[in-house]
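Going by my numbering, the sequence shown opens with residue 8, and the numbers climb by one from there. A virtual CB, placed ideally from N, CA and C, is assigned to each residue, including glycine. Just so we're clear, the structure is a prediction, and the values are computed from it rather than from any experiment.
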Amino acid sequence: MEKIRNFSIIAHIDHGKSTIADRMLELTGRIAKRDMVYAQILDDNPLEQERGITIKLHAIQMDYKAKNGEEYSLNLIDTPGHVDFTYEVSLSLAACEGAILIVDATQGIEAQTISNLYLAIDADIEIIPVINKIDLPSAATTLEDVKAQIIDLLGCEEEEILLASAKQGTGIEEILEAIVEKVPPPVGDPEKPLRALVYDSIYDSYRGVIVNIRVLDGVLRERDKVLFMMTDKKFEVEEVGIMHMDRIRTKELSAGQVGYMTASIRNLHETKVGDTITNFHNQCGSAIDGFREVKPMVFSGIFPSSSDDFESLRESLAKLVLNDSSITYEPETSSALGFGFRCGFLGLLHMEIVQERLEREFDQNIVTTVPNVRYKVIKADGEELFIDNPAQLPSGGGNSETQEPYIKAEIIAPSEYVGGLMKLCLDRRGTITNTVYLTEVRVQLTFELPLAEVVFDFYDKLKSISRGYASLDYEFTEYRKGDLVRLDIMLNGEGVDALSSITHRDRSYDLGRKLCSRLKKLIPRQMYEVAIQASIGAKIISRTNVRAMRKDVTAKCYGGDITRKRKLLEKQKAGKKRMKQVGSVEIPQEAFLAVLSIDE
Numbered sequence: 008m009e010k011i012r013n014f015s016i017i018a019h020i021d022h023g024k025s026t027i028a029d030r031m032l033e034l035t036g037r038i039a040k041r042d043m044v045y046a047q048i049l050d051d052n053p054l055e056q057e058r059g060i061t062i063k064l065h066a067i068q069m070d071y072k073a074k075n076g077e078e079y080s081l082n083l084i085d086t087p088g089h090v091d092f093t094y095e096v097s098l099s100l101a102a103c104e105g106a107i108l109i110v111d112a113t114q115g116i117e118a119q120t121i122s123n124l125y126l127a128i129d130a131d132i133e134i135i136p137v138i139n140k141i142d143l144p145s146a147a148t149t150l151e152d153v154k155a156q157i158i159d160l161l162g163c164e165e166e167e168i169l170l171a172s173a174k175q176g177t178g179i180e181e182i183l184e185a186i187v188e189k190v191p192p193p194v195g196d197p198e199k200p201l202r203a204l205v206y207d208s209i210y211d212s213y214r215g216v217i218v219n220i221r222v223l224d225g226v227l228r229e230r231d232k233v234l235f236m237m238t239d240k241k242f243e244v245e246e247v248g249i250m251h252m253d254r255i256r257t258k259e260l261s262a263g264q265v266g267y268m269t270a271s272i273r274n275l276h277e278t279k280v281g282d283t284i285t286n287f288h289n290q291c292g293s294a295i296d297g298f299r300e301v302k303p304m305v306f307s308g309i310f311p312s313s314s315d316d317f318e319s320l321r322e323s324l325a326k327l328v329l330n331d332s333s334i335t336y337e338p339e340t341s342s343a344l345g346f347g348f349r350c351g352f353l354g355l356l357h358m359e360i361v362q363e364r365l366e367r368e369f370d371q372n373i374v375t376t377v378p379n380v381r382y383k384v385i386k387a388d389g390e391e392l393f394i395d396n397p398a399q400l401p402s403g404g405g406n407s408e409t410q411e412p413y414i415k416a417e418i419i420a421p422s423e424y425v426g427g428l429m430k431l432c433l434d435r436r437g438t439i440t441n442t443v444y445l446t447e448v449r450v451q452l453t454f455e456l457p458l459a460e461v462v463f464d465f466y467d468k469l470k471s472i473s474r475g476y477a478s479l480d481y482e483f484t485e486y487r488k489g490d491l492v493r494l495d496i497m498l499n500g501e502g503v504d505a506l507s508s509i510t511h512r513d514r515s516y517d518l519g520r521k522l523c524s525r526l527k528k529l530i531p532r533q534m535y536e537v538a539i540q541a542s543i544g545a546k547i548i549s550r551t552n553v554r555a556m557r558k559d560v561t562a563k564c565y566g567g568d569i570t571r572k573r574k575l576l577e578k579q580k581a582g583k584k585r586m587k588q589v590g591s592v593e594i595p596q597e598a599f600l601a602v603l604s605i606d607e
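Next up, the structure:
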């Protein structure tokens, strides 16, 4: 155990975590340069490669011979940097004793750097500060500033900060030496009963559930009978091993090690992230404190485009939840879309990724509804309800009080963009609570905002106002009373529940008008006129019509009496009237996404 080091890499998005991991793998000989099929080799999901971001944590073991001549076994867990995947970071930190905090030499400390640092401090692990991208031409002017920011944030000495360029491979050996020297070896007793923490899992169609674990005490061997303490299920272990680029079977894992196990687990609900595994015949005294339950922030309906695929979608979601435990889902029905699921996500990017994974990895053809947040309704008799579907909100409001979630948002940006960012937040019903100048040119703004205003395009607007320099981090604070109403959309007098949304009364008229005009462009023309209306309760606040397609039925009438033409037109009119009574309007997927791009 003295020769084991477990550590993860944390940073703001795009500061070079995965590239530093690549250089470490090359330096330790875990992967040859010719085998680097693509940059960021640990990001093996096609979605990660396309978007250039890490979505899932990735674990890998390296063997490193230190300058003192000793051989060390290093377990690295590379983590995501985007605010939506903070939960993945907290999972990886629970399996580590140390973390490398990477800061971009040109960008300095950003919002997610601070957020991830606090997660590491909460986990009580050793932090090694590293400044990356020192090879960039502009780094020479900003380097001293960035050092000062890190010293201010961590309270460390200047000589403790390591300088590196992941692209050129400089400074990587110094980082590995610092891990060996500063990160403490894992504590645990191989003689005690088995205690292992489940920090991730994945579904394999041949071997069932593959569980990623960190062994705290005892030894896990193949053919052992183990008990999952949270679900109270017992299994016989089939295979145990460690993670290199592939899974390497070792037949046993001892205290302090990070690895994987399989046990023919077929039922997807029998393993849970944060669970404790122990030996069935020699159980440990108490379970390990798992992870804090993650709370979804954004909710959306996911429906199969064909109702026959409902069960297939259920199975796909169950497999996906195994690999991403921050998704929640429950069945729901919609009059417009049939049977589907109400899913909870950590943010809009998270929602996008889940949709793409369902379509690519599980071949699902899905329709998604307008995303919204979870509201609290306090009834007249004091009963509290949480609703994440606009259809559940009483349309008239009644005597109930509706509260919406508020967040504390921290924005770090160059001071020249402060005016634009303040206007953006105030337009979204925000209030500014604090302004701190970190340096002469960088400022930290703290706002209180309704979460519903941040969910849609806030992040995109923030980036465009600040030309990409601003960074955002937010956390939920409380529920507050708001003048909220349900905005319904009707086609030909029939409500489309999948297009309903909850909005503030002051914005409802404007939103209703914009939505109607947007839908007018998206809904295909029919043989009869289609009325699109927006309403609050029984009150219609906006209306527009999709004009009917017209066939020139009088084309064959040349000359003769006008009554011949009138007769044909009357016949056409009666036909359209009958068609309108029996016809139904197909709503394209773009119509559900129209709400998101309403300001464009």
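Rounded to whole angstroms, Ser-333 and Gly-36 show a C-alpha spacing of 34 Å. Under the criterion of beta carbons closer than 8 Å, Gln-119 and Ser-478 qualify as touching, at roughly 6 Å. Taking Asn-372 as reference, the option from Glu-390, Ser-313, Leu-327, Val-384 with the minimal CA-CA separation is Ser-313. About 5 Å separates the Cβ atoms of Thr-375 and Ser-307, confirming a contact at the 8 Å cut-off. If one requires a minimum length of 3 residues, the beta strand (DSSP E) runs lying completely within the stretch 289–356 are 305–311, 335–341, 345–352, in chain order. With contacts defined by Cβ atoms closer than 8 Å, Pro-412 and Phe-483 form a contacting pair. Following the DSSP letters along the chain, one finds Lys-386 in no beta strand (DSSP E), marked with neither H nor E. Taken atom to atom, the span from the alpha-carbon of Pro-303 to that of Ile-309 is near 15 Å. The stretch 94–112 makes contact with the stretch 15–23, as at least three CB pairs between them are under 8 Å.
Taking the CA atoms as reference points, Asp-495 sits about 24 Å from Phe-352. Around Arg-202, the same chain offers Leu-223, Asp-224, Gly-225, Thr-283, Thr-285, Cys-291, Ile-295 as residues with beta carbons nearer than 7 Å, after the five sequence neighbours per side are excluded. Contact check between the stretch 123–133 and the stretch 424–442: fewer than three CB pairs, one atom from each, fall below 8 Å, which does not count as touching.
Each residue's CA atom was taken as its position, placing Gln-540 and Ser-341 some 19 Å apart. Leu-327 sits away from Met-268, with the two beta carbons spaced by 8 Å or more.
Within its own chain, the residues whose Cβ lies closer than 8 Å to the Cβ of Arg-256, once the five positions on either side in sequence are excluded, are Glu-246, Val-247, Gly-248, listed in chain order.
Rounded to whole angstroms, the gap between the alpha carbons of Gly-544 and Leu-458 is 24 Å. Remark: C-beta atoms of Gln-175 and Leu-445 do not approach each other more closely than 8 Å. A direct Cα-Cα distance of roughly 6 Å separates Ile-385 from Thr-409.
Membership of Gly-426 in the alpha helix (DSSP H) is indicated by the continuous run 425–434. In the three-state reduction of the DSSP assignment, Glu-366 falls in the helix class. At a Cβ-Cβ threshold of 8 Å, Pro-378 and Val-461 do not count as neighbours. Under the DSSP assignment, Gly-215 falls in the beta strand (DSSP E) whose first and last residues are 215–224. In chain order, Leu-431 place their CB closer than 7 Å to the CB of Lys-468, counting only its own chain and leaving out the 5 sequence neighbours on each side. Distance check between Glu-151 and each of Pro-192, Leu-170, Ala-66, Ala-262 places Leu-170 closest, using alpha-carbon atoms only.
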